[in-house]
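Counting in numbering that gives the first Met the number 0, the final residue of the sequence shown is number 460, and the numbers go up one at a time with none missing. C-beta atoms are modelled at their ideal positions from N, C-alpha and C, and glycine is treated no differently. Predicted, not measured: the structure shown is a model, and the values here were computed from it.
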Amino acid sequence: MGTTLKLYNTLTREKVDFTPIDPKNVRMYVCGPTVYDFAHIGNARPIIVFDVLFRLLNHVYGAKSVIYARNITDVDDKINARALRDYPGLPLNDAIRAVTEKTETQFLDDAEALGCLKPTVQPRATDNIPEMIDLIERLIANGHAYQAAGEVLFDTKSMADYGQLSKRNLDEQQAGARVAVDAHKKSPGDFVLWKLSTGSEPGWESPWGRGRPGWHIECSAMSGRYLGEVFDIHGGGLDLIFPHHENEIAQSRCAHGTDVMANVWMHNGFLQVESRKMSKSEGNFVTIYELLHTEKFGGRKWPGDVLRLAMLMTHYREPIDFSVKRLEEAERLLAKWPAGEAAEAEPDAAVIEALADDLNTVAAIQALHALAQTANADPAALPVFAASAALLGVLPKTVEIDEAVASAVDALVAMRLEMLKAKNFPEADKIREDLAAKGVQLKDGKDPATGERVTTWELKR
Numbered sequence: 000m001g002t003t004l005k006l007y008n009t010l011t012r013e014k015v016d017f018t019p020i021d022p023k024n025v026r027m028y029v030c031g032p033t034v035y036d037f038a039h040i041g042n043a044r045p046i047i048v049f050d051v052l053f054r055l056l057n058h059v060y061g062a063k064s065v066i067y068a069r070n071i072t073d074v075d076d077k078i079n080a081r082a083l084r085d086y087p088g089l090p091l092n093d094a095i096r097a098v099t100e101k102t103e104t105q106f107l108d109d110a111e112a113l114g115c116l117k118p119t120v121q122p123r124a125t126d127n128i129p130e131m132i133d134l135i136e137r138l139i140a141n142g143h144a145y146q147a148a149g150e151v152l153f154d155t156k157s158m159a160d161y162g163q164l165s166k167r168n169l170d171e172q173q174a175g176a177r178v179a180v181d182a183h184k185k186s187p188g189d190f191v192l193w194k195l196s197t198g199s200e201p202g203w204e205s206p207w208g209r210g211r212p213g214w215h216i217e218c219s220a221m222s223g224r225y226l227g228e229v230f231d232i233h234g235g236g237l238d239l240i241f242p243h244h245e246n247e248i249a250q251s252r253c254a255h256g257t258d259v260m261a262n263v264w265m266h267n268g269f270l271q272v273e274s275r276k277m278s279k280s281e282g283n284f285v286t287i288y289e290l291l292h293t294e295k296f297g298g299r300k301w302p303g304d305v306l307r308l309a310m311l312m313t314h315y316r317e318p319i320d321f322s323v324k325r326l327e328e329a330e331r332l333l334a335k336w337p338a339g340e341a342a343e344a345e346p347d348a349a350v351i352e353a354l355a356d357d358l359n360t361v362a363a364i365q366a367l368h369a370l371a372q373t374a375n376a377d378p379a380a381l382p383v384f385a386a387s388a389a390l391l392g393v394l395p396k397t398v399e400i401d402e403a404v405a406s407a408v409d410a411l412v413a414m415r416l417e418m419l420k421a422k423n424f425p426e427a428d429k430i431r432e433d434l435a436a437k438g439v440q441l442k443d444g445k446d447p448a449t450g451e452r453v454t455t456w457e458l459k460r
């Protein structure tokens, strides 16, 4: 375990040496999806980013020493609204179950298609209601929460250093707040821990009546249950810093009496689509499912490994412009890499060094491409390339194909050779690019006996 990881900590706004609380029990929590709709491409970024970190932690500390928790939020007012819209004839609880089961299954399928490992645990909010109630009771007992107008609210004024993560000043927030809207609150910044449910809304029995939890308390309860009162890393998107992560910190620290909730907070940057903010009104809203299975984006389907590599070609803290051009660039790069299976060899030192520097996937991909060039020329270098590519989750794999497809590819390869002989390079290049888009990798060489150009190929992914 000679590798030292450096991670940018949003809490301190500096890159720090990562020192786990217990190297034999490294713990990471990442906010997962609210399963009311299919995950969009922006949701894919934290899934992929923290999967790379999970792989790196496994490599450095050993897979048995790392616990990665990513939750499923399956109780939320958006879910209720979607259930009423999509299943109007069903009882609400059955309709909610239909929505959450369908979208959770799709999310897990999407994550797998993007090459992500399964987290160690994937807790569902509805399986942790008792833990949420216990946490709220602690906050009330500690003087950090109160009941008002059918809600239990967190008292932000009760926490002297509330706002450390987002660097927001509570008094400034209050000055601009519309107090009349939330007159039952002690302070406009106070947020809901528990709210009462009507007969037509899902609810659980509690000391404050039948109700349901606020969004923030869910993650505090689940991370505390599976990782402890203080753990190593908490991750998510930049958009979650305030209010979600700020309020998680407030709840957890005030309930447990700790100085921190997690030692390191990591956040990936925003994503745009074709240089514009993604939104349905802009017409550029696209789900992971649509990218994988339909021709909505760029007029074609995109393999999961292409989506993954395109995402990793930008440093995780930087904003990313997700575009057809970027996907095509990732696809061309993958086409140049040899296929193989994950090897027992050690990953290349340059790849590890890049990832250990705050997940510098840009530098890691550059080092990986150099390894690919070496492995293409010398098969003995393939194990190191394969181990390095597996660390990033972008190892191309050889795929078995039937005779009809093989014959069609052989015909195109032969046509390309004829184009090259006739010096019709544009058409020859087009055939190579079209085959690459379908996952067919060409490798040119010379017949050792005749000296003539020969081309071999393999189907990857």
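Terminal residues of the continuous beta strand (DSSP E) containing residue i?
{"i": "L6", "result": "5–8"}
{"i": "Y86", "result": "Taken as a continuous stretch (DSSP letters only), Y86 belongs to no beta strand (DSSP E), as it is neither H nor E."}
{"i": "A147", "result": "144–147"}
{"i": "L192", "result": "190–195"}
{"i": "I232", "result": "230–236"}
{"i": "I66", "result": "65–69"}
{"i": "V323", "result": "No beta strand (DSSP E) holds V323; the alpha helix (DSSP H) holding it covers 323–334."}
{"i": "L152", "result": "150–153"}
Considering only the beta carbon of each residue, do residue i and residue j sit closer than 8 Å?
{"i": "A385", "j": "A342", "result": "yes"}
{"i": "L10", "j": "L164", "result": "yes"}
{"i": "Q121", "j": "N57", "result": "no"}
{"i": "L358", "j": "L52", "result": "yes"}
{"i": "A124", "j": "D73", "result": "yes"}
{"i": "K185", "j": "G210", "result": "no"}
{"i": "G236", "j": "P118", "result": "no"}
{"i": "T373", "j": "E457", "result": "no"}
{"i": "M131", "j": "P32", "result": "no"}
{"i": "P395", "j": "A338", "result": "yes"}
{"i": "L370", "j": "S387", "result": "yes"}
{"i": "F37", "j": "T286", "result": "yes"}
{"i": "L308", "j": "L332", "result": "yes"}
{"i": "G438", "j": "P242", "result": "no"}
{"i": "D189", "j": "F153", "result": "yes"}
{"i": "L138", "j": "C218", "result": "no"}
{"i": "P19", "j": "D231", "result": "yes"}
{"i": "V29", "j": "Y60", "result": "no"}
So what does DSSP say about residue i, is it helix, strand or coil?
{"i": "K420", "result": "helix"}
{"i": "G223", "result": "helix"}
{"i": "E13", "result": "strand"}
{"i": "Q440", "result": "strand"}
{"i": "V259", "result": "coil"}
{"i": "M277", "result": "coil"}
{"i": "R452", "result": "strand"}
{"i": "A176", "result": "Low per-residue confidence applies at A176: pLDDT is 36, beneath 50, and the placement is therefore not dependable, though the value from the model is reported in the following sentence. Coil at A176, not helix or strand."}
{"i": "L116", "result": "coil"}
{"i": "L265", "result": "Note that residue 265 is Met in the sequence shown, not Leu. Strand at M265."}
{"i": "L164", "result": "coil"}
{"i": "D477", "result": "Because the chain here runs from 0 to 460, residue 477 falls outside it and cannot be looked at."}
{"i": "M312", "result": "coil"}
{"i": "Q372", "result": "helix"}
{"i": "I400", "result": "coil"}
{"i": "L411", "result": "helix"}
{"i": "D320", "result": "strand"}
{"i": "Y35", "result": "coil"}
{"i": "D446", "result": "coil"}
{"i": "R299", "result": "coil"}
{"i": "Q105", "result": "helix"}
{"i": "K459", "result": "strand"}
{"i": "S251", "result": "helix"}
{"i": "S387", "result": "helix"}
{"i": "D496", "result": "Summary: the structure shown does not reach residue 496, with the chain confined to residues 0 through 460, and so no result is reported for it."}
Run through the DSSP bridge pairs and tell me what residue i is partnered with.
{"i": "L367", "result": "Note: L367 sits in no beta bridge, so no partner."}
{"i": "G210", "result": "L195, W203"}
{"i": "Y28", "result": "A68, H233"}
{"i": "V285", "result": "For V285, which the question treats as bridged, DSSP gives no partner whatsoever."}
{"i": "V272", "result": "R275, F321"}
{"i": "R123", "result": "I71"}
Could you check where the alpha helix (DSSP H) with residue i kicks off and where it finishes?
{"i": "F53", "result": "40–60"}
{"i": "R137", "result": "128–140"}
{"i": "V350", "result": "348–355"}
{"i": "L394", "result": "Per DSSP, L394 belongs to no alpha helix (DSSP H) and is neither H nor E."}
Kindly indicate if chain C contains any beta-carbon less than 8 Å away from that of residue i.
{"i": "K185", "result": "In summary, chain C is missing from the structure at hand, where a single protein chain is found."}
Pull up the CB-CB distance for residue i and residue j, whole angstroms please, since I reckon it's below 8 Å.
{"i": "S251", "j": "M260", "result": "4 Å"}
{"i": "T99", "j": "I128", "result": "That belief does not hold up - the Cβ atoms of T99 and I128 are roughly 15 Å apart, past 8 Å."}
{"i": "V15", "j": "K5", "result": "7 Å"}
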